[in-house]
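Enquirer: Quick one: structure below, then a few questions.
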Amino acid sequence: MDSKIKIVKTTSENPDFVTLIAALDASLWERYPELKTNYWGNNVIELNPNVVVIYLENKAVACGCFKKYDKNTIELKRMFVSPAARGMGFAQKTLQELELWAHEQGFSFSILETLYKQKEAISLYQKVGYTIVDNYEPYVGLENSICMKKQI
Numbered sequence: 017m018d019s020k021i022k023i024v025k026t027t028s029e030n031p032d033f034v035t036l037i038a039a040l041d042a043s044l045w046e047r048y049p050e051l052k053t054n055y056w057g058n059n060v061i062e063l064n065p066n067v068v069v070i071y072l073e074n075k076a077v078a079c080g081c082f083k084k085y086d087k088n089t090i091e092l093k094r095m096f097v098s099p100a101a102r103g104m105g106f107a108q109k110t111l112q113e114l115e116l117w118a119h120e121q122g123f124s125f126s127i128l129e130t131l132y133k134q135k136e137a138i139s140l141y142q143k144v145g146y147t148i149v150d151n152y153e154p155y156v157g158l159e160n161s162i163c164m165k166k167q168i
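Residue 17 is where the sequence shown starts when you use our numbering, and the numbers rise one by one after that.
Shown next as structure tokens:
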């Protein structure tokens, strides 16, 4: 990768991750104002040791994390690329880093939830091998959620 790009494995306490997540939340509530109350409870990041932040010229531009869902499966969370850095491959690179990290920890599957208006995200996930599955907990019955799964 370009020498101007740095990939950091960190935790959810990383201040750059916290800043990117605040931008993610703002963009989601702007796009889905009607869902704020329904989804807010699923939108909390507890202390997470599996966070990736990508820097471009020392500025945090992309992030994501995963948490254990069950003994074989991780759930991807908080995937975000800042608007100025979109279209440069950072989302796919973040995904690759998270999947590799989870695989190294012995996990076999990755699941995720996104919202129906996130067309770019859904397209990216499908391009890298995710398929749409029935909604898993806590998204069962939430028709705005799209759940996906991939073997890693």
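All residues carry an ideal CB built from backbone N, CA and C; glycine is no exception. Please read all numbers here as calculations on a predicted model, not as lab measurements.
1. Please return the same chain residues whose Cβ sits closer than 7 Å to the Cβ of residue 90, not counting the five positions on each side in sequence.
2. Can you pull the DSSP bridge partners for residue 76?
3. Could you pull the start and end residues of the beta strand (DSSP E) that residue 96 belongs to?
4. Check the C-beta distance from residue 144 over to residue 108 and give it rounded, since I have them as a contact under 8 Å.
5. Go through its chain and collect everything with a Cβ distance to residue 88's Cβ below 8 Å, but skip five positions before and after it.
6. Sort 78, 20, 166 and 86 by Cα distance to residue 153 and report the nearest one.
7. Put residue 27 into one of helix, strand or coil per three-state DSSP.
Expert: According to the structure data:
1. 82, 83, 84, 118, 123 and 126.
2. Among the bridge pairs identified by DSSP, residue 76 is matched with 71.
3. Start and end: 89-97.
4. About 6 Å; that satisfies the 8 Å criterion.
5. If we look at residue 88 and ignore the five residues flanking it on each side, its Cβ neighbours are 123, 124 and 125.
6. If we check each option's Cα against that of residue 153, 86 comes out closest.
7. Looking at residue 27 - three-state DSSP - the assignment turns out to be coil, as it is neither helix nor strand.
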